[in-house]
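Trainee:
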Amino acid sequence: MTIFEEMERYAEATGAPILRAAERPVFLAVLREAAPRRILDIGTAIGYSALLAVAHGAPEATAVTLEHDGRMADTAARFIARSPYAGRVELLRGDAGEILPHLSPGFDFVFIDAAKGQYPDYWDKVRPLLRERAVVVADNVLFRGLVQGDAFVEHRYRTMVYRLREYLALTALDQAFTTEIFEAGDGLAVSWRNRRP
Ligand SMILES: C[S@@+](CC[C@H](N)C(=O)[O-])C[C@H]1O[C@@H](n2cnc3c(N)ncnc32)[C@H](O)[C@@H]1O
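All you need for my numbering is the position in the sequence shown, starting with 1, plus 4.
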């Protein structure tokens with residue numbers, strides 16, 4: 005069994021959140037095209053997306069992954085240590101919004117998958133960290149179909165939905181990026197900066 009199959013089984017058994025099966029083809033297609041060397045993964049959970057990105061990035065790809073939940077980070081650390089990519093994934097514990105301004109720039113692939121209400125803040129903080137050619141993938145941007153259209157949004161989801169709409173507006177209006185929205189799973193936004201022709 006590969007480390008990924010093991011993590012998928014673990015997630016199924018425990019309910020730990022990992023990239024949905026329906027979203028994996030888009031995620032892998034972006035990685036194939038971008039072939040990133042330096043990856044930033046915001047929202048580690050058990051480390052699935054960080055390891056998947058390193059496994060499908062450039063041959064020497066490395067990743068920095070951010071997680072604020074101590075127990076989740078402990079589980080991720082164990083999976084990462086047992087994986088074939090152990091030396092290539094750095095797990096940073098703490099609030100992503102606080103860590104981001106302290107990272108060295110030079111990322112060419114970023115996966116945003118942490119606090120949905122913070123996506124506009126992540127965008128502002130990630131942007132200066134990007135290489136000239138880079139891609140930013142954000143998960144859950146269509147959040148249960150509530151982000152686009154005029155469906156009634158329950159009070160408890162309202163701020164999150166407004167912030168996800170703001171994220172989509174920020175990426176769409178940013179002249180340096182071309183953004184595509186994929187409806188797979190909970191919705192993925194893929195924002196290319198200087199995409200290869
Ligand atoms: C959907 S899961 C990430 C799944 C992971 N990207 C994957 O596909 O394998 C979201 C994770 O983000 C973490 N998270 C939420 N808010 C955060 C924050 N402000 N800073 C750091 N991590 C955060 C949660 O604890 C959770 O583990």
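Using N, Cα and C, we set each Cβ at its ideal position, and we do this for glycine too. From a predicted model like this one, the values you see are computed outputs, not experimental measurements.
Shorter than 6 Å, the distance from the beta carbon of Tyr52 to the closest heavy atom of ligand 1, or not?
Mentor: yes
Trainee: Once the 5 residues before and after Ile22 are set aside, which same chain residues still bring their CB inside 8 Å of it?
Mentor: Met11, Glu12, Ala15, Ala49, Ile50, Tyr52 and Ser53
Trainee: Taking 8 Å as the threshold, find out whether the segment 147-161 comes into contact with the segment 102-114 through three or more Cβ pairs.
Mentor: no
Trainee: Might you give, ordered along the chain, the residues of its own chain that have their beta carbon closer than 7 Å to the beta carbon of Ala119, omitting 5 neighbours on each side?
Mentor: none
Trainee: Indicate the three-state DSSP secondary structure (helix, strand or coil) for Arg135 in the structure shown.
Mentor: strand
Trainee: Compare the beta carbon distance of Gly191 and Val145 with 7 Å and say whether it is the shorter of the two.
Mentor: yes
Trainee: Quick one: Cα of Ala38 to Cα of Leu134, how far?
Mentor: About 13 Å.
Trainee: When every heavy atom of ligand 1 is checked, does at least one fall within less than 6 Å of the C-beta of Asp117?
Mentor: yes
Trainee: If we ignore side chains and look at the alpha-carbon of each, how far apart do His72 and Thr79 end up?
Mentor: 12 Å
Trainee: Mind pulling the beta strand (DSSP E) runs of 3 or more residues that sit fully within the segment 133-199?
Mentor: 134-143, 181-186 and 192-197
Trainee: Anyone know if the C-beta pair for Leu70 and Ile46 falls short of 7 Å?
Mentor: yes
Trainee: For Thr66, does the three-state DSSP call read helix, strand or coil?
Mentor: strand
Trainee: Indicate, with yes or no, if ligand 1 has a heavy atom lying under 6 Å from the CB of Gly189.
Mentor: no
Trainee: Determine the burial state of Met164: buried for a count of at least 16 other Cβ atoms within 10 Å of its Cβ, exposed for fewer.
Mentor: Result: buried.
Trainee: Got a sec, what are the start and stop residues for the beta strand (DSSP E) Asp45 sits in?
Mentor: Arg42 to Ile46
Trainee: Can you tell me which of the three DSSP states Asp117 falls into?
Mentor: coil
Trainee: For Ala138 versus Ala193, is the C-beta distance shorter than 7 Å?
Mentor: no
Trainee: How big is the Cα-Cα spacing for Ala26 and Ala85?
Mentor: One alpha carbon belongs to Ala26, the other to Ala85, and they sit about 27 Å apart.
Trainee: What are the boundary residues of the beta strand (DSSP E) that includes Leu107?
Mentor: Unbroken run through Leu107: none, as it is neither H nor E.
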